[in-house]
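Mapping the sequence shown onto numbering that gives the first Met the number 0, position 169 (from 1) lands on 168, and the numbers just tick up by one.
Working notes, structure below.
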Amino acid sequence: MKIFYAGDLHGGETAFRKFTNAGKFYKADLVIYGGDFTGKMVVPIVEKSGIYTCQYYGSTVKVKKVNELPDLERNLRDAGFYPYLVSEKELNQLIESDAERIIKEKQIEVFRQWIEMADERFKAAGIPCIMIPGSVDDFYLDEFLNAGSFVQNGDEKIIEIDGFEILSIGGGKPSVFKYPREYSEEELAKKIENAAKQVKDMNKCIFNIHIPPYDTDLDQGTLYDDELKPVLDGDSLATAPIGSKAVRDAIEKYQPMLSLHGHVHESRGVTTIGRTICINAGTDYDQGLLRGALLDVSADGNVSYTLTAG
Numbered sequence: 000m001k002i003f004y005a006g007d008l009h010g011g012e013t014a015f016r017k018f019t020n021a022g023k024f025y026k027a028d029l030v031i032y033g034g035d036f037t038g039k040m041v042v043p044i045v046e047k048s049g050i051y052t053c054q055y056y057g058s059t060v061k062v063k064k065v066n067e068l069p070d071l072e073r074n075l076r077d078a079g080f081y082p083y084l085v086s087e088k089e090l091n092q093l094i095e096s097d098a099e100r101i102i103k104e105k106q107i108e109v110f111r112q113w114i115e116m117a118d119e120r121f122k123a124a125g126i127p128c129i130m131i132p133g134s135v136d137d138f139y140l141d142e143f144l145n146a147g148s149f150v151q152n153g154d155e156k157i158i159e160i161d162g163f164e165i166l167s168i169g170g171g172k173p174s175v176f177k178y179p180r181e182y183s184e185e186e187l188a189k190k191i192e193n194a195a196k197q198v199k200d201m202n203k204c205i206f207n208i209h210i211p212p213y214d215t216d217l218d219q220g221t222l223y224d225d226e227l228k229p230v231l232d233g234d235s236l237a238t239a240p241i242g243s244k245a246v247r248d249a250i251e252k253y254q255p256m257l258s259l260h261g262h263v264h265e266s267r268g269v270t271t272i273g274r275t276i277c278i279n280a281g282t283d284y285d286q287g288l289l290r291g292a293l294l295d296v297s298a299d300g301n302v303s304y305t306l307t308a309g
């Protein structure tokens, strides 16, 4: 079976559109999404006296013609932001609860569009697609992920495809960012254990777990302090293992044929734990790139792989 895997697209519109076409492009038999659908921020496009201004990536962008707004909004969406058109007067009247409401509405609006798009394209291609939420994906999005008529929410389930069993666990571990879907190591261990009990043959099992195993080439991430500022090590950013010990313990214990991960964007790579091949596909969603992994798995447990970008 040929599998295409990717994740961590964080609202990046072009990258996600590529993902929905990737199964057909790579002639895959199965496509897996490893979590983190939602973008990181709503960016107001503020109208004043017919001029539209927004700030992102430390720059101020001004648009003087209404017909140029779609291009600006598209650029923001491709970078993983949610554009929000508002007058200066309306913006000044917003309170904290309004901001929370707008973020939720924007996340739902885009997420619903994405699931509908994925449903339509994967169904037309006849390629099954398993998706899970990541650590940044709030629980109110589950309703829309579960509403897919063709794509499947694999979270905490075993889904069998052509004799292979895909064990999926979404979410992440506690962090200074306090993302909506974070679990303690004990909770993660229990979730994996409960799912693993349902697996009939670990020799033909594929783990799809958002957070990577602890202290590997797949989880070396930038450290942040309690004020969410990067920690420095001399002139460089400080890095350390930020994966899950529970995930590593489970891989060591069960030794599935393959284990797929994301979450740590900068730690794209491949490693092995025992006989298990573990992969983090990485991401550059804000550049419009789709980074992924193309895998060939055989019934006798052999796995070949290629890290892809396009």
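The C-beta atom is built at its ideal place from N, Cα and C for all residues, glycine as well.
Option nearest residue i by Cα separation, candidates the options
{"i": "M130", "options": "I157, K105 and Q106", "result": "I157"}
{"i": "V198", "options": "L75, Y253, A308 and D28", "result": "Y253"}
{"i": "P43", "options": "E67, W113, N20 and Y83", "result": "Y83"}
{"i": "E67", "options": "Q219, E99 and I50", "result": "I50"}
{"i": "L293", "options": "G309, Y284, G287 and D283", "result": "G309"}
{"i": "T224", "options": "I205, K177, I191 and E192", "result": "A quick correction: the sequence has Asp, not Thr, at residue 224. The residue with the shortest Cα to Cα distance from D224 is K177."}
{"i": "D320", "options": "I102, F121, E72 and G11", "result": "Absent from the structure is residue 320, since the part of the chain shown begins at 0 and ends at 309."}
{"i": "P192", "options": "P212, H209, R180 and L166", "result": "Reading the sequence as shown, one finds Glu at residue 192 and not Pro. Comparing Cα-Cα distances from E192 to each of P212, H209, R180 and L166, the minimum goes to L166."}
{"i": "G38", "options": "L227, E104 and T270", "result": "E104"}
{"i": "N202", "options": "A98, E164 and D154", "result": "E164"}
{"i": "G281", "options": "V302, Q219, Q106 and K228", "result": "Q219"}
{"i": "D285", "options": "A239, E226 and R73", "result": "R73"}
{"i": "D154", "options": "H9, E185, R120 and A195", "result": "A195"}
{"i": "E366", "options": "V109, I168, E46 and Y56", "result": "Nothing in the structure corresponds to residue 366, since the chain is present only between 0 and 309."}
{"i": "G242", "options": "D70, R100 and G170", "result": "G170"}
{"i": "L187", "options": "K228, M40, V246 and K17", "result": "V246"}
{"i": "A249", "options": "A237, H9, P127 and K190", "result": "K190"}
{"i": "D214", "options": "E226, T238 and L227", "result": "T238"}
{"i": "T270", "options": "D7, E12, A117 and E251", "result": "E251"}
{"i": "I205", "options": "I168, M256, V62 and P127", "result": "M256"}
{"i": "H9", "options": "S266, G261 and C277", "result": "G261"}
Local Cβ density within 10 Å of residue i, reported as buried at 16 or more and exposed below that
{"i": "G273", "result": "exposed"}
{"i": "G33", "result": "buried"}
{"i": "L259", "result": "buried"}
{"i": "S311", "result": "Here the chain covers residues 0 to 309 and nothing more, so residue 311 does not appear."}
{"i": "Q112", "result": "exposed"}
{"i": "V65", "result": "exposed"}
{"i": "F36", "result": "buried"}
{"i": "T19", "result": "buried"}
{"i": "I94", "result": "exposed"}
{"i": "K172", "result": "buried"}
{"i": "D315", "result": "This structure does not reach residue 315, given that the chain is present from 0 up to 309, and the question cannot be answered."}
{"i": "V175", "result": "exposed"}
{"i": "L231", "result": "exposed"}
{"i": "S58", "result": "exposed"}
{"i": "S235", "result": "exposed"}
{"i": "Q106", "result": "buried"}
{"i": "T305", "result": "exposed"}
{"i": "K17", "result": "buried"}
{"i": "Y4", "result": "buried"}
{"i": "E159", "result": "exposed"}
{"i": "S96", "result": "exposed"}
{"i": "F15", "result": "buried"}
{"i": "G11", "result": "buried"}
{"i": "P69", "result": "exposed"}
{"i": "L227", "result": "exposed"}
Paired residues, beta bridge with residue i - DSSP
{"i": "P82", "result": "V42"}
{"i": "K156", "result": "S167"}
{"i": "V269", "result": "I278"}
{"i": "P229", "result": "Y223"}
{"i": "H260", "result": "N279"}
{"i": "T305", "result": "L293"}
{"i": "E181", "result": "G171"}
{"i": "F110", "result": "Paired residue(s): none; F110 is not in a bridge."}
{"i": "K203", "result": "Per DSSP, none; premise fails for K203."}
{"i": "M130", "result": "Y32 and N152"}
{"i": "S235", "result": "D232"}
{"i": "P212", "result": "S243"}
{"i": "K1", "result": "D295"}
8 Å contact criterion, which residue i and residue j should meet: CB distance rounded
{"i": "I31", "j": "N207", "result": "5 Å"}
{"i": "L217", "j": "G268", "result": "6 Å"}
{"i": "A27", "j": "K1", "result": "5 Å"}
{"i": "A146", "j": "I114", "result": "7 Å"}
{"i": "N279", "j": "V263", "result": "6 Å"}
{"i": "R180", "j": "P132", "result": "6 Å"}
{"i": "Y81", "j": "V109", "result": "7 Å"}
{"i": "F149", "j": "F121", "result": "6 Å"}
{"i": "L75", "j": "V62", "result": "That belief does not hold up - the Cβ atoms of L75 and V62 are roughly 12 Å apart, past 8 Å."}
{"i": "K244", "j": "E185", "result": "With a Cβ gap of about 10 Å, K244 and E185 do not count as contacting."}
{"i": "I126", "j": "K23", "result": "7 Å"}
{"i": "Y275", "j": "R290", "result": "The sequence given here places Thr at residue 275; Tyr does not occur at that position. About 21 Å separates the two Cβ atoms, so there is no contact after all."}
{"i": "H209", "j": "S266", "result": "Between S266 and H209 the Cβ distance is about 13 Å, and since that is not below 8 Å, they are no contact."}
{"i": "T13", "j": "G287", "result": "4 Å"}
Please give the ranges of any beta strand (DSSP E) in the stretch 22 to 74, keeping only runs that are unbroken, at least 3 residues long and fully inside the region.
29 to 32, 40 to 47, 50 to 55 and 58 to 62
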